[in-house]
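Undergrad: Okay, handing you the structure first.
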Amino acid sequence: RVMSKFAQSKGWKKIAVLTDVKQDYSVGLAECFIKDFTAAGGEIVKEQKYSSGDKDFKPQLTSLKAAKPDAIFVPGYYAEVALIGKQARLLGIKAPLLGGDGWVGDSLLKVAGSSLDGSFFSCHFSADDQSPRVQNFVKAYQSRYGEVPDDMAALGYDSAMILAEAIRRAGTTDSGKLRDAIAATKDHPGITGNISIDPERNASKPAVILTIGQGGFQFVETVAP
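Take any residue in the sequence shown, count from 1 to its spot, add 812: that is its number in our numbering.
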C-alpha cells in the first residue's frame, strides 16, 4: 500500500509488475500493490513472472518494455533485482524500478552498479530521516555501540518498547493480560513511526521510501499505509 501511494503521488498511472513466483514475500507484495493501485484508478499494464535463481530476465523485461509503463514494480530480493536492473537498462528501459525491503543486501549495488539509480524502494527505517525522534535514537545508538543503527536495530528497539509499555499498562507479566495489552497498542511513538496493532495483530505503521543514487541509498520520505 505504501509503494502504491508513493507511485500515485509521483503521478504514475501505468505500472508493470515483475513477480518472483517462488517467494511468498514477492507474491504477497505484488498482490497488495495491484489491489491498492487499481482501486485508486491506476492501471497495471503488464504482469510478468520469474523464479528465484533465474539469471536471464530479458524475455520478461522485453514484454514489460513494450507495455510502456511509467514504472515497474519488482518486489523481489536483491540478488535477482540487481540483475533485473542491469538487464533492464541494457534493453533501454528508462522507467524507474520500485520495490520493497527485500532489495536491501550487500551485493545489490555491487552487482547493479548505477543501473538502479533513480529507482525507489520501501524500507523500515533510515538514519538520514531528520525527524528529532529518529536523530535522537541515532545519536544514542552511536554513542552506545559506535555505529549507525540499521533497520533491525530500530525495529528491535520499537518491539522492546512496545512490550515494556504493555507490561506497564497491564501491571503484570501474566501472559493473557500481557497479550491483550499488546493487542491494544495504539499510536505508540516508535522510531520507525507511530505503531498500532491491527485486528489481525499486525503492526500498522509508516514505511520509509529510499532512492538509489551516488553509490548508496538516500532518504526520500515517510509514507503512512
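By construction, the Cβ of each residue, glycine as well, lies at the ideal position given by its N, Cα and C atoms. In this text the structure is predicted, and so the values were computed from the model without any measurement.
1) Is there contact between the region 981-1000 and the region 896-908, where contact requires at least three CB pairs shorter than 8 angstroms?
2) For ASP940, collect the residues of the same chain with a Cβ closer than 6 angstroms to its Cβ; drop the 5 residues on either side in sequence, then sort them by chain order.
3) Of all the options VAL893, MET815 and LEU921, which has the alpha carbon lying nearest to the alpha carbon of GLY865?
4) If you draw a straight line from the alpha carbon of THR985 to that of ILE979, how long is it in whole angstroms?
5) Of the choices GLN1026, LYS834, ILE827 and LEU902, whose alpha-carbon is the least far from that of PHE845?
6) Could you name each continuous alpha helix (DSSP H) segment of 4 residues or more that falls completely within the region 816-854, going from the start of the chain to the end?
7) Which of the three DSSP states, helix, strand or coil, is assigned to SER934?
8) Under the DSSP definition of a beta bridge, which residues are partnered with LEU1022?
9) If you draw a straight line from the alpha carbon of THR850 to that of TRP824, how long is it in whole angstroms?
10) Candidates ALA852, ALA924, ASP962 and SER838: which alpha carbon is nearest GLN1026's?
11) Take the Cβ of ASP1010 as the centre, count every other Cβ of all protein chains shown within 10 Å, and call the residue buried at 16 or more, exposed below.
12) Going residue by residue through the region 958-983, where are the continuous alpha helix (DSSP H) segments of at least 4 residues, counting only ones entirely within it?
13) Have a look at ALA900 and TYR957 and give me their C-alpha separation to the nearest angstrom.
14) Which ranges would you report for the alpha helix (DSSP H) in the region 846-908 if only whole runs of at least 4 residues count?
15) Take GLN860 and list the residues in its own chain whose beta-carbon comes closer than 7 angstroms to its own, dropping the five residues that flank it on each side.
16) Could you name the residues of the same chain whose beta carbon sits closer than 6 angstroms to that of THR1034, not counting the 5 residues immediately before and after it, in chain order?
17) Could you give the DSSP three-state label for LEU928: helix, strand or coil?
TA: Looking at the coordinates:
1) no
2) PHE1031
3) VAL893
4) 6 angstroms
5) ILE827
6) 836-851
7) strand
8) PHE933 and PHE1031
9) 12 angstroms
10) ALA924
11) exposed
12) 963-982
13) 40 angstroms
14) 870-878 and 890-902
15) LEU830, GLN872, SER875 and LEU876
16) PRO1018 and VAL1020
17) coil
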